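**Student:** Have a look at this one before I ask anything.
In my numbering, the protein residues as written are 128 to 389.
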């Protein structure tokens, strides 16, 4: 299978609710800030949240002679999206499919979407290490991805699940580009002071244990939720905040890890 992008990055998590899709979205926006042409493929079929986060919910996917045309979020076509969310009759419809049908849809997303010479394809995957997750990641290996970004939160329960995710990556020969510790402290939107609400440093300790890069800690900022709900770019709207700077630093590290500092 020919890769639709120069670089393919999987975004994984050991469990739901750790902000995997938020990190995937902000990473895509940050790459666009770095003048990269980016596609986001949402293969989290049971929870397709990317269209709402990028303010393209309810858009239609069109056919062209060579396949599906992704939904563009900008007039300059620097950021495009494909998601099962675009194919549902109603946004609240549940995807009640068995594994083979889900896998066939994901394969169709990989082969039939006309991305048009992307620099980066960011793939938001289902959480966990279930059969569905295994099938998805095995299928995505045909794209020869640069590797995976694994997202966790500082709590012990999340870290235990991520430990299993990292073991899964080793067993399936998926390179881990690094770990992101999301919701690491709370940034006050008024004074920008960061307060440790949960614990802190668990993601860094886990990365050290598995001898993989630790990409950074992303503080919880209520404005990132507001931007995700309204489809605005947090990276554009709140430059200089701790969360924006953390995501920018993570992006710079990924550019280096992908040997792409042009």
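Glycine included, C-beta positions come from ideal geometry on N, C-alpha and C. Since the model is a prediction, treat every value here as computed from it, not as a measurement.
I'd like the span of the beta strand (DSSP E) that includes residue 410, first residue to last.
**Tutor:** Coverage of the chain is limited to positions 128 through 389, which leaves residue 410 absent and any answer about it impossible.
**Student:** From the DSSP output, which residues share a beta bridge with residue 275?
**Tutor:** DSSP output for residue 275 lists 137, 303 as bridge partner(s).
**Student:** By how many angstroms is the C-alpha of residue 206 removed from the C-alpha of residue 155?
**Tutor:** 8 Å
**Student:** Would you tell me roughly how many angstroms separate the C-alpha atoms of residue 360 and residue 165, rounded to the nearest one?
**Tutor:** 14 Å
**Student:** What did DSSP end up calling residue 374 once you bin it into helix, strand or coil?
**Tutor:** helix
**Student:** Which whole-angstrom value is the C-beta distance of residue 212 and residue 254, which I expect to be below 8 Å?
**Tutor:** So it is not a contact: roughly 17 Å between Cβ atoms.
**Student:** Go ahead and pull the three-state DSSP assignment for residue 266.
**Tutor:** helix
**Student:** Please classify residue 362: does DSSP put it in a helix, a strand, or coil?
**Tutor:** Looking at residue 362 - three-state DSSP - the assignment turns out to be helix.
**Student:** Just curious, the alpha helix (DSSP H) that residue 333 is in, first and last residue?
**Tutor:** 329-337
**Student:** Could you tell me which residues DSSP pairs with residue 190 in its beta bridges?
**Tutor:** 195
**Student:** For the structure I just gave you, are there three or more beta carbon pairs, one from the stretch 237-253 and one from the stretch 295-312, closer than 8 Å?
**Tutor:** no
**Student:** Can you check which of these residues, 148, 289, 203, 190, is closest to residue 162 by C-alpha distance?
**Tutor:** Of 148, 289, 203, 190, the residue nearest in Cα terms is 203.
**Student:** Report the three-state DSSP secondary structure of residue 232 (helix, strand or coil).
**Tutor:** helix
**Student:** Counting only the same chain and skipping the five closest in sequence on each side, list residues whose C-beta sits under 8 Å from that of residue 188.
**Tutor:** 195, 196, 197, 198, 209, 213, 214
**Student:** Hey, how far is the Cα of residue 275 from the Cα of residue 288?
**Tutor:** 16 Å
**Student:** If you compare alpha carbons, which of 149, 264, 271 is closest to residue 230?
**Tutor:** 264
**Student:** Please state whether the Cβ-Cβ distance between residue 157 and residue 375 is less than 7 Å.
**Tutor:** yes
**Student:** Need the endpoints of the alpha helix (DSSP H) that residue 157 sits in, please.
**Tutor:** 147-160
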